[in-house]
Amino acid sequence: MTKRIKTDILVIGGGLSGCMAAINAADHEAKVAIMEKSHTERSGAAGTGNDHFWFYDPEIHKPRGWTIPDMVRDISTDGEYGKTKGGL
1 MTKRIKTDIL VIGGGLSGCM AAINAADHEA KVAIMEKSHT ERSGAAGTGN DHFWFYDPEI
61 HKPRGWTIPD MVRDISTDGE YGKTKGGL
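Those letters in the sequence shown? Residues 1 to 88, per the numbering used here, in order.
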């Protein structure tokens with residue numbers, strides 16, 4: 001099955017650097033896609049991937065309407081930003 005995705009920037013690799021590049025590009029209004037060959041819970045050179053890379057910064061998250069309970073619920077379920085069973 002082939003799926004075409006229209007994007008401004010394609011980031012190859014979902015490790016720490018790839019994710020930070022994607023976040024920065026998205027913050028500058030780019031439409032971003034990340035391609036990762038590994039299981040998304042264990043990808044990247046940061047050891048266990050980005051499953052541990054969560055924090056709450058009121059200056060960043062509060063304007064977006066995110067609360068600590070919302071983030072905890074999301075990362076502990078298969079939510080929009082939470083764990084996934086995926087991969088490419």
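We treat Cβ as the ideally placed atom computed from N, Cα and C, and that holds for glycine.
- Out of 11, 20 and 4, the CA that lies nearest to the CA of residue 37 is found in 11.
- DSSP, read as helix, strand or coil, puts residue 33 in strand.
- Residue 28 and residue 14 have their alpha carbons spaced roughly 19 Å apart.
- In this chain, residue 9 is not harboured by any alpha helix (DSSP H); it is covered by the beta strand (DSSP E) spanning 9 to 12.
- If you look at residue 18, you'll find it in the alpha helix (DSSP H) that goes 16 to 27.
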